[in-house]
Amino acid sequence: MGERLLVTDVGPRDGLQSQASQVPTAGKLELIGALLDAGVRRIEATSFVSPQAVPQMADADAVLRGLVAPADAEISVLVPNLRGLERAMAAGAKQVAVVLSATETMNRKNIRMGLDEALQACKATLAQAARQGLRTRGYVAVAFACPFEGPVAPGQAAALAMQLREAGAGEVVMADTIGAAAPVDILAVTSALRQAGLDPTDAGMHLHDTRGMALANAWCAIGEGVRRFDASIGGLGGCPFAPGAAGNLATEDLVLMARQCGMDTGIDFERLLDAVDVAARLAGYPVGGRSYRWQAHGRGK
Ligand code: COA
Ligand code: ZN
Numbered sequence: 000m001g002e003r004l005l006v007t008d009v010g011p012r013d014g015l016q017s018q019a020s021q022v023p024t025a026g027k028l029e030l031i032g033a034l035l036d037a038g039v040r041r042i043e044a045t046s047f048v049s050p051q052a053v054p055q056m057a058d059a060d061a062v063l064r065g066l067v068a069p070a071d072a073e074i075s076v077l078v079p080n081l082r083g084l085e086r087a088m089a090a091g092a093k094q095v096a097v098v099l100s101a102t103e104t105m106n107r108k109n110i111r112m113g114l115d116e117a118l119q120a121c122k123a124t125l126a127q128a129a130r131q132g133l134r135t136r137g138y139v140a141v142a143f144a145c146p147f148e149g150p151v152a153p154g155q156a157a158a159l160a161m162q163l164r165e166a167g168a169g170e171v172v173m174a175d176t177i178g179a180a181a182p183v184d185i186l187a188v189t190s191a192l193r194q195a196g197l198d199p200t201d202a203g204m205h206l207h208d209t210r211g212m213a214l215a216n217a218w219c220a221i222g223e224g225v226r227r228f229d230a231s232i233g234g235l236g237g238c239p240f241a242p243g244a245a246g247n248l249a250t251e252d253l254v255l256m257a258r259q260c261g262m263d264t265g266i267d268f269e270r271l272l273d274a275v276d277v278a279a280r281l282a283g284y285p286v287g288g289r290s291y292r293w294q295a296h297g298r299g300k
């Protein structure tokens, strides 16, 4: 087997947070179970955010407590502030992700703080998580473009990534929250990361497929040394606070591309499609990445 890609499925969080109808806790656990069954070992299970802000994530506590994962699984949860970290730890979290948006307006819309305040909150949360022995991820959201402020300078996104790294984030993740990037932007951001002193091999990419370029962006990022990717089962996804954000890069598309290109993800593609079916049932409408129809046809559907 060739090189390894580390795939984090963010479907249970990014994919479900904006669903119109409330997904029951048992359904969320079933989806996470299906992902684990397919061999996914990195999952963002839920977020400990304000239930007023994101009603769909109000059961974060029950999801994390109810989850049964093998010892080699890394289950991460998103926390927007210290209060979220406390709640996550009380529910047994071992890994947390903080979110810093690259622009002033996006931070205000998402977490009701300005950029400086959000950076301080992320630093405080990362420091506290480290003291408690938790693993951490730090997202730079809208790292390529902001729905309110437009294109983001790659140097700005990279500088914020470095700040999160220096504040102790175990992994920094550059997020194309609204799916506006093209491969040329991936090249610009990976180059800016290198200039800022951060090897793209240590950074993750979180891609959305709004303009149909997520897989092309992933391939471009792989060429630049990136080996860590977020993706969402069935391509579920979107941010309720970022207008225009559509689904994420579908996990099954990324896994299929990796397989055909001789890269190892440790994920069983056929079993992953069972997880797509669970996701579709929970969403209440057909989901699936760009390869899904081809694959479903192969399975006689
Ligand atoms: N979990 C649960 N409740 C929380 C919380 C958390 N992490 N953080 C704050 N709260 C509660 C406070 O206790 C307070 O409750 P009260 O009214 O009963 O006293 C209330 O929320 C308001 O607190 P405040 O600090 O003023 O928060 P806010 O209203 O400015 O909202 C966030 C800030 C960050 C909590 C909120 O904007 C949020 O949860 N955003 C998440 C957005 C998101 O998930 N985006 C998608 C993923 S990036
Ligand atoms: Zn996202």
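The sequence shown finishes on residue 300 if you use numbering that gives the first Met the number 0, and the numbering steps up by one all the way, no holes.
Idealized CB from N, CA, C, for every residue including glycine.
All values reported here derive from a predicted model rather than from experimental measurement.
Point to revise | Sequence-distant residues of the same chain with beta carbon closer than 6 angstroms to Arg134, five excluded per side | key: So the list reads Gln94 and Gly169, once near-sequence residues are dropped.
Point to revise | Near ligand 2: Asn247 beta-carbon under 7 angstroms from a heavy atom | key: Asn247 has its Cβ nearer than 7 angstroms to a heavy atom of ligand 2.
Review point. For Val172, which three-state DSSP category applies?
Key: Correct three-state label for Val172: strand.
Check your understanding: Measuring CA to CA, which of Phe143, Trp293 and Gly83 is closest to His207?
Key -> The candidate whose alpha carbon is nearest that of His207 is Phe143.
Check your understanding: Taking C-alpha atoms, which residue in Gly26, Gly211 and Ala19 lies nearest to Val277?
Key -> The shortest Cα separation from Val277 among Gly26, Gly211 and Ala19 belongs to Gly26.
Review point. So, do the stretch 70-77 and the stretch 107-124 have three or more beta carbon pairs nearer to each other than 8 angstroms?
Key: Judged by Cβ distances under 8 angstroms, the stretch 70-77 makes no contact with the stretch 107-124, as fewer than three pairs qualify.
Review point. Considering His296, what are the terminal residues of the beta strand (DSSP E) in which it resides?
Key: DSSP places His296 in no beta strand (DSSP E) but in the uninterrupted alpha helix (DSSP H) bounded by Tyr291 to Gly297.
**Study point:** Simplified DSSP state of Met0, which is helix, strand or coil
**Key:** Confidence is the limiting factor: at Met0 the pLDDT is only 49, short of 50, which leaves the residue's position unreliable, though a coordinate-based value still follows. For Met0, the secondary structure class from DSSP, reduced to helix, strand or coil, is coil.
**Study point:** Spatial distance of Glu209 from Thr176 (CA atoms)
**Key:** Looking at the sequence itself, residue 209 is Thr, so the reference to Glu does not match. If you take the alpha carbons of Thr209 and Thr176, they lie about 9 angstroms apart.
Check your understanding: Under a three-way DSSP split, which group does Leu5 fall into?
Key -> The answer is strand: DSSP assigns Leu5 an E or B state.
Exercise for review: For Gly283, decide whether its Cβ has a neighbour in chain B, counting only Cβ atoms nearer than 8 angstroms.
Suggested key: The structure shown contains no chain B; it holds only a single protein chain.
Exercise for review: Just mark Val22 as buried or exposed, buried being the case when its beta carbon has 16 or more other beta carbons within 10 Å.
Suggested key: Buried, because 16 or more other Cβ atoms sit within 10 Å of the Cβ of Val22.
Check your understanding: Are Gly132 and Val171 close, meaning C-beta to C-beta below 8 angstroms?
Key -> Contact: no.
Review point. Contact check, Arg12 vs Ser46 under 8 angstroms by CB: the rounded distance?
Key: Sure, about 5 angstroms apart at Cβ, within 8 angstroms.
Practice item. Enumerate, from N- to C-terminal direction, the unbroken beta strand (DSSP E) stretches of 3 or more residues contained entirely within the stretch 55-129. Key: Listed in chain order, the complete beta strand (DSSP E) runs (minimum 3 residues) inside the stretch 55-129 are 73-77 and 94-100.
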